[in-house]
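For the sequence shown, our numbering assigns the number 8 to the initial residue and increments by one for each residue that follows.
These notes are about the structure you will find just below.
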Amino acid sequence: MILSRSVLMVMAIGLTLSACGSGDDLRLRRFKNTGNGPDEFTVLPTKPLQAPESYNSLPPPNPGGANLVDPNPEAEGVAALGGNPAALTPHGVGAADGALLNRARRYGVTGGIRQTLAREDLEVRKRHGRVNIFNIGPNDDYTDAYKRQWLDAQRELRRLRAMGVGVPSAPPPKR
């Protein structure tokens, strides 16, 4: 009985102290700045304005794009460490990956393959996916649609070994 009274007393003290908290200061919980003061995330330190060497060399106006005096901390850090800041901008395929890309392209490249595959995948999932109107049970249309195309590792292992193909061992069969 004494233990239950002490538990109730601790709970009452905790409830009383939590009621003392003020819910008026919610500034840290807001995502938008609703005040009229400056937003610390929009005030950026920029480089001082300088006249260009030639006004003809200025890039055309780009609304919403980068400004010439905007800070670029990654490029500035690379330059400070003695690197080439131009290496940060992607320039296509690197020299180390050229041979791999040429090997992959040896039979030709289909343009728009990602859009084609996305459209075909959507068609397959619509055709073979089950309809789960009430959201009862697991909702996995992808597995339902492609289950017929899964490979049986043990059967493929036996088939390839019968053909004389050297294959590594497969996981043990499920029991």
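By construction, the Cβ of each residue, glycine as well, lies at the ideal position given by its N, Cα and C atoms.
Quick caveat: nothing in here was measured; it's all calculated off a predicted structure.
Which stretch, first to last residue, makes up the alpha helix (DSSP H) that contains residue i?
i, result
"Q57", "Counting along the chain, Q57 falls outside any alpha helix (DSSP H), and DSSP gives it neither H nor E."
"G105", "105–111"
"T123", "120–135"
"R168", "160–169"
"P80", "80–87"
From this set, the options, which residue's C-alpha is nearest residue i's C-alpha?
i, options, result
"G173", "R165, L56, L65", "R165"
"P55", "P68, P78, T123, S61", "P78"
"R155", "V131, G171, A177, A169", "V131"
"E127", "Y149, A106, P59, Y114", "Y149"
Can you find a heavy atom of the ligand SAH that lies under 6 Å from the Cβ of residue i?
i, result
"L107", "This structure lacks the ligand SAH; in fact it carries no ligand of any kind."
When the distance is taken between beta carbons, is residue j closer than 7 Å to residue i?
i, j, result
"L65", "A82", "no"
"A86", "P80", "no"
"V100", "L88", "no"
"H135", "A111", "no"
"Q161", "P175", "no"
What does a CB cutoff of less than 8 Å around residue i pick up in its chain, not counting 5 residues either side in sequence?
i, result
"T117", "T123"
"G119", "none"
Can you list, in chain order, the residues of its chain whose CB lies under 6 Å from that of residue i, leaving out five sequence neighbours each side?
i, result
"M170", "none"
"E163", "none"
"A73", "none"
Could you name the residues of the same chain whose beta carbon sits closer than 7 Å to that of residue i, not counting the 5 residues immediately before and after it, in chain order?
i, result
"R168", "V174"
"P59", "L65"
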